[in-house]
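Each residue of the sequence shown is one higher than the last, beginning at 455 in the working numbering.
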Amino acid sequence: MKSRFTYAILLLLALSLTVISCKPDSASQIRQQSLKAQPSAERNESQKPVLLILIDSLMDKPLQEAIRQGRAPALGYLLANGRYYPQVVSSFPTMSVTIDSTLLTGTYANQHHVPGLSWFSTKEKRMIYYGYGPKEGLKIDQPQVLLDILHQLNLVQLNPHTKTIHEELAEKGKDTASINGIIWRGKTAHTLQIPRLVEFSTRLPGEVIVNGPKLLSYAAFAQLDPNQKSEKRIWRKYGMNDEFSAQEINYLITNKKLPPLTIAYFPENDMEVHRKGAASIEGIEKADKALQTVLDAFGSWDKAVKEARWIVMGDSAQSAVLDDRQAATIDLRDFLTPYQIAKIGRPLTPTDQIVISTNERMAYIYALDPRIPLSDIVNRLQREPKLDIIARKEGNKIIVTAGTVNRQFTFQQKGSYTDPYGQAWTFSGDPRLLDITINKNRITYGKYPDVLARLYGAMNSHEGRYVVVTVQPGHELITENSPTHIGGAAHGSLHEMDSLVPMLVIGTTTHPQSLRIVDLKDWLLRLTTE
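Below, the structure is given as structure tokens:
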């Protein structure tokens with residue numbers, strides 16, 4: 455009974471952590487369909503607080519549809535008063551924990567060192583999970599998962615030499631707030647309170663000391679508003695919900711405590727999309743209701759856009775998963791049967807040769823046995839035609855292929871080829887494997903946005919010998935007890951359907967260096983310090 459109680463509590467938290475295109479005239483179409491409002495005049499822009507609200511798995515087309523149907527009036531109002539960017543490039547893997555690490559550090563995984571929702575640590579010789587499915591939850595070390603989420607992720611596993619925006623602004627004397635964020639490392643000591651039921655069922659300590667921003671709110675573990683007790687109920691995911699996030703923002707607004715930068719997460723849309731599919735708008739409608747209360751807290755929506763600068767965006771998109779399990783899922787164990795594959799929830803044994811770590815539509819496959827060449831793993835995986843990208847590393851070079859093809863593409867940093875983001879590369883082989891075209895040494899990306907830098911980041915994100923693999927849209931990668939989203943939607947891959955998210959900007963004429971999440975940190979620093 456105790457282990458089931460533990461699982462139920464942790465699953466509620468993990469569900470919130472599990473953690474996308476539009477034509478140029480789409481923004482004007484939405485403006486015509488949204489609520490009528492006059493743009494607010496900009497004055498004293500640099501003195502206005504910045505509110506960055508991330509709606510998990512927010513996508514362009516469902517957002518447009520929700521506004522068209524009148525089911526997202528707050529988002530429609532903000533869009534009518536600002537600018538709309540339908541295609542911002544996410545990080546890779548397209549899982550919330552890695553994306554948020556990129557957002558807060560301004561780096562890809564090769565620098566921030568958070569490889570995905572699940573990965574294998576060669577240093578600790580164990581799998582690391584920040585979330586899991588029901589069947590996985592019955593096998594893995596659940597107290598360790600909670601400790602990884604609450605402590606290890608931010609204070610150990612996130613590269614301590616790569617500063618977060620909370621740390622940098624603190625060094626400049628600027629306060630910040632994080633509300634229901636996954637990544638929140640900062641300079642101020644906080645005590646996270648473990649709910650008594652969790653403490654009892656896991657035998658964890660009642661308190662965990664962490665370093666976060668000046669204002670830290672994290673579900674049941676830390677609240678800003680002392681009257682948030684009703685949101686600590688188990689059936690409300692212990693506060694990991696949109697309403698809790700909105701109430702915490704409202705507390706700062708009504709008490710005139712908004713710092714120069716507040717980063718808040720509305721997590722519930724992600725779960726709706728996973729269950730109901732990429733076209734679902736119910737989660738957007740729910741997020742919009744919470745957002746309405748935030749706008750109301752200013753006294754009026756007009757005052758809200760005059761007194762603050764707003765950025766509302768998604769973190770990753772999701773692509774539809776076929777509704778037939780056999781057709782939708784690719785079990786990676788089927789291609790690696792000659793090897794001894796490590797079991798979930800069991801300590802490594804001397805005979806284990808392979809570890810498989812799935813992140814929905816991508817996976818890391820680790821060769822623990824030094825006698826196994828990565829090329830052999832790649833050759834075995836190539837028997838599956840649905841595998842989209844298969845990559846391994848040799849020295850500084852990354853070698854890419856795909857299912858049932860006999861072509862390769864090899865690339866590395868620096869060289870004579872330049873991409874749209876000013877990044878230089880050297881490569882050989884067939885660039886069509888990554889849907890890349892070349893014209894006079896200029897790289898143009900196709901269906902895999904910023905693929906070279908994002909893939910390079912994952913291939914150099916942590917120690918170990920491993921292969922990175924993604925699967926075509928419509929499918930998920932699985933191994934022992936992997937969670938699936940049959941008939942719903944999933945993310946994780948490099949494909950544009952998982953990687954492009956919308957962003958609304960209100961109250962500033964400035965813009966980031968490029969429309970990539972990795973470039974937002976520098977922009978936010980400018981907004982809050984210049």
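Every residue gets a Cβ at the ideal spot worked out from N, C-alpha and C, and that includes glycine. Keep in mind it's a predicted model, so treat the numbers as computed, not measured.
Taken atom to atom, the span from the alpha-carbon of asparagine 893 to that of glycine 869 is near 15 Å. Counting only runs of at least 3 residues, the stretch 569 to 644 fully encloses the following beta strand (DSSP E) elements, listed from N- to C-terminal order: 572 to 575, 580 to 583 and 630 to 633.
The Cβ neighbour count for arginine 815, taken over all protein chains shown within 10 Å, is at least 16; the residue is labelled buried.
Non-local C-beta neighbours of isoleucine 852 in its own chain, meaning closer than 8 Å and more than five positions away in sequence, comprise Ala845, Arg846, Thr864, Phe865, Gln866, Leu909, Tyr910 and Met913, ordered along the chain.
The residues Asn608, Leu609, Leu612, Thr618, His620, Glu621, Asn665 and Gly666, in chain order, have a CB closer than 7 Å to that of arginine 639 in the same chain once the five nearest residues on each side in sequence are set aside. Of the residues assessed, aspartate 842 falls on the buried side of the cut-off, its CB having 16 or more other CB atoms within 10 angstroms. With respect to the 8 Å criterion, serine 699 and valine 955 are not classified as neighbours on the basis of their beta carbons. About 6 Å separates the Cβ atoms of leucine 669 and proline 713, confirming a contact at the 8 Å cut-off. Excluding the 5 residues flanking it on each side, phenylalanine 546 has same chain C-beta neighbours closer than 6 Å at Arg908, Ala912 and Leu948, in chain order. Counted as a single uninterrupted DSSP element, the stretch harbouring proline 527 is not any beta strand (DSSP E) but the alpha helix (DSSP H) occupying residues 527 to 534. A Cβ-Cβ contact shorter than 8 Å links asparagine 704 with threonine 747. Residue environment analysis places histidine 615 among the exposed positions, since fewer than 16 neighbouring C-beta atoms fall within 10 angstroms of its C-beta. DSSP, reduced to helix, strand and coil, places glycine 737 within a helical segment of the structure shown. When the beta-carbon positions are compared, proline 540 and isoleucine 735 stay at least 8 Å from each other. Annotation for alanine 774: Gly731, Ala732 and Ala943 place their beta carbon closer than 6 Å to its own, counting only its chain and skipping 5 residues before and after.
The beta carbons of alanine 762 and proline 503 sit closer together than 8 Å. In this structure, histidine 605 keeps its C-beta atom at 8 Å or more from the C-beta atom of valine 568. Cβ-Cβ separation between tyrosine 584 and valine 551: approximately 5 Å, consistent with a contact (criterion under 8 Å). The straight-line gap separating the alpha-carbon atoms of isoleucine 890 and alanine 751 is approximately 47 Å. Contact between leucine 979 and proline 966 does not hold, since their C-beta atoms are separated by about 11 Å, which reaches or exceeds 8 Å. In the displayed model, serine 699 falls within a helix according to three-state DSSP. A straight-line Cα-Cα distance of about 28 Å links proline 824 and leucine 887.
In the DSSP assignment, leucine 508 is bridged to Tyr719 and Met767.
The way I'd put it, the stretch 817 to 831 does touch the stretch 785 to 793; three or more beta-carbon pairs between them come closer than 8 Å.
In the DSSP annotation of this structure, asparagine 564 is not part of any beta strand (DSSP E); the continuous alpha helix (DSSP H) holding it starts and ends at 563 to 566. According to DSSP, residue pairing for tryptophan 879 in a beta bridge involves Gln867. In the DSSP annotation of this structure, arginine 919 is not part of any beta strand (DSSP E), being labelled neither H nor E.
In the three-state reduction of the DSSP assignment, threonine 983 falls in the helix class, which pools H, G and I. In this structure, glutamate 722 sits near aspartate 696, with a CB-CB distance shorter than 8 Å. In the displayed model, methionine 694 falls within coil according to three-state DSSP, outside both helix and strand. Looking at the DSSP output, serine 811 shares a beta bridge with Tyr818. Within a 10 Å sphere around the beta-carbon of proline 903 sit 16 or more other beta-carbons, which makes this residue buried. DSSP places arginine 908 inside the alpha helix (DSSP H), whose first and last residues are 905 to 913. Tryptophan 573 is positioned such that its CB atom lies no closer than 8 Å to that of serine 953.
Around the Cβ of serine 829, a 10 Å sphere holds fewer than 16 other Cβ atoms; the residue is exposed. The closest CA to that of proline 927, considering only Glu950, Leu981, Thr708 and Thr962, is found on Glu950.
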